[in-house]
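*Asks:* My structure is below; once you've seen it, I'll send some questions.
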Amino acid sequence: MNGDAQNFMLQPSYPFIDEILRNADEFSENRSSISLLSMTEVYPSTLSFTLQEKLEEWSESISSLFCCLSIKEKIVVATPAWWDLTAIEKNLLSLMVAFNNSCSTFDIPVFLPVKSPKVAFRLISCHLMSDVWVSALCGPSPQIMEFEQSAVVCWGSVSDHLKNIASSFIPQIIPENMNMQNGIAGMGKYVLHGSIEDNKTYFDFLRIFYYQNIMELLTENG
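Last residue of the sequence shown? That's 233 in the numbering used here, and every number before it is there in order.
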């Protein structure tokens, strides 16, 4: 395959690659020892048991072992086969869902680096409500319309639970009623405190602070 043909085939992937690069840590000097792609973000919920049962039911109805319910790139529940994917594969799939969130349902071929590097799965995702998505890795079937219809019918019976998750989603761990000094910019094992007026410098400090805490966490847990 010549360079022009290869570039043409890769064109649809360029925006996604740009998004990955945009989120890459250009400041960390520890890339050889730490990668965010080695960890998978989840969103624990008291409704997980009920939603897991519904996911297994839906998984059987569409004949796919790989199914996942997510909110804002965070996994709420997933089938065992989805969890068995490598962390990099799970995170790439989550990024793909987030990157295509401008449509209600999408169906795109994906190659998984470890699970299936040469044969493409179909990643089909359906937007249920707010930031809640249900996704599956499929073969030739079902058709996208059948997939969408099955998602609406199956998940419609637990719509109240999904609304509860969507409305209660708060990307933070600090209670709202906790009084904190205005100068605190981040918390982990240590507290980052100071006055930083420049937004870019502020986020650079937060990024470095985050990685320092993550590195210590990974070291402590072997």
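Quick reminder that beta carbons are idealized off the backbone N, C-alpha and C, glycines included.
(1) Can you find the residues in the same chain that come closer than 6 Å, C-beta to C-beta, to A89, ignoring five residues on each side of it along the sequence?
(2) CA-CA distance, L62 and I155?
(3) I need the straight-line Cα distance from Q22 to D171, nearest angstrom please.
(4) Would you mind sorting A98 into buried or exposed? The rule is 16 or more other CB atoms within 10 Å of its CB.
(5) Can the beta-carbon of S141 be found less than 9 Å from the beta-carbon of I82?
(6) Using a 10 Å radius around the Cβ and a threshold of 16 neighbouring Cβ atoms, would you call E40 buried or exposed?
(7) Roughly how many angstroms separate the alpha carbons of K174 and D15, rounded to a whole number?
(8) For P151 versus I73, is the C-beta spacing smaller than 9 Å?
(9) Is it right to say K65 is buried, meaning 16 or more other beta carbons lie within 10 angstroms of its own, or is it exposed?
(10) Quick check on C114: does DSSP put it in helix, strand or coil?
(11) Got a sec? Which residues, its chain only, sit under 7 Å from A109 by beta carbon, not counting five neighbours each side?
(12) Just tell me which of P124, M107, Y54 has its CA closest to the CA of C137.
(13) Would you call E5 buried or exposed, if buried means 16 or more other Cβ atoms sit within 10 Å of its Cβ?
(14) Express the C-alpha separation of F122 and P91 in angstroms, rounding to a whole number.
(15) Taking the C-alpha atoms as reference points, what is the distance between V145 and W94?
(16) Taking M156 as part of the alpha helix (DSSP H), name the residues at either end of that continuous run.
(17) Going by DSSP in three states, V53 sits in which element: helix, strand or coil?
(18) From which residue to which residue does the alpha helix (DSSP H) around P91 run?
(19) Pull up the distance between the alpha-carbon of V163 and that of L139, whole angstroms please.
(20) Could you tell me if S179 is buried or exposed, where buried requires 16 or more neighbouring beta carbons within 10 angstroms of its beta carbon?
(21) Quick one, which of F158, S105, K126 has its alpha-carbon nearest D118's?
(22) Taking just the CA atoms, how far does I176 sit from G167?
(23) With DSSP collapsed to three states, give me the class of S146.
*Replies:* Here's the rundown:
(1) In the sequence shown, counting from the first residue as 1, residue 89 sits at position 78. Taken in chain order, the residues that qualify are C79.
(2) If you number the sequence shown from 1, residue 62 lands on position 51. If you number the sequence shown from 1, residue 155 lands on position 144. Spanning the two alpha carbons is a distance of roughly 22 Å.
(3) Position 11 of the sequence shown holds residue 22. Position 160 of the sequence shown holds residue 171. So the two alpha carbons sit approximately 40 Å from each other.
(4) One-based indexing of the sequence shown puts residue 98 at position 87. Label assigned to A98: exposed.
(5) Translated into positions along the sequence shown, residue 141 becomes position 130. Translated into positions along the sequence shown, residue 82 becomes position 71. In this structure, I82 lies closer than 9 Å to S141 by Cβ.
(6) The residue labelled residue 40 in the question sits at position 29 within the sequence shown. Interpretation of E40 is limited by its pLDDT of 44, a score under 50 that renders its predicted location unreliable; no figure is taken from the coordinates.
(7) Here residue 174 corresponds to residue number 163 of the sequence shown, with the count starting at 1. Here residue 15 corresponds to residue number 4 of the sequence shown, with the count starting at 1. About 47 Å.
(8) If you number the sequence shown from 1, residue 151 lands on position 140. If you number the sequence shown from 1, residue 73 lands on position 62. Cβ distance not < 9 Å, so P151 and I73 don't count as in contact.
(9) On the sequence shown, position 54 is the one that residue 65 refers to. So K65 ends up on the buried side.
(10) Residue numbering aside, residue 114 sits at position 103 when the sequence shown is read from its first letter. DSSP places C114 in coil when its eight states are reduced to three.
(11) Residue 109 sits at position 98 when you count from the first residue of the sequence shown. The residues are E84.
(12) Position 126 of the sequence shown, counted from the start, is the residue given in the question as residue 137. The option with the nearest alpha carbon to C137 is M107.
(13) Outside the shown range of the chain (12 to 233) lies residue 5, about which nothing can therefore be said.
(14) Within the sequence shown, the letter at position 80 stands for residue 91. Within the sequence shown, the letter at position 111 stands for residue 122. Their Cα atoms are separated by approximately 19 Å.
(15) Position 134 of the sequence shown holds residue 145. Position 83 of the sequence shown holds residue 94. Each residue's Cα considered, the two are about 15 Å apart.
(16) Translated into positions along the sequence shown, residue 156 becomes position 145. Run containing M156: 155-167, per the alpha helix (DSSP H) assignment.
(17) Here residue 53 refers to the residue found at position 42 when the sequence shown is read from its first residue. It is a strand residue.
(18) On the sequence shown, position 80 is the one that residue 91 refers to. 91-95 is the span of the alpha helix (DSSP H), which, as asked, contains P91.
(19) Here residue 163 refers to the residue found at position 152 of the sequence shown. Here residue 139 refers to the residue found at position 128 of the sequence shown. Going by the C-alpha atoms only, they are around 7 Å apart.
(20) Counting from 1 along the sequence shown, the entry for residue 179 is found at position 168. Flag for S179 reads exposed.
(21) Numbered from its first residue, the sequence shown carries residue 118 at position 107. Looking at the Cα atoms, F158 is the closest of the given residues.
(22) Locating residue 167 in the sequence shown gives position 156, where the first residue counts as 1. Locating residue 176 in the sequence shown gives position 165, where the first residue counts as 1. Answer to the nearest angstrom: the Cα atoms are 14 Å apart.
(23) The residue you call residue 146 lines up with position 135 of the sequence shown. Three-state DSSP puts S146 in a strand.
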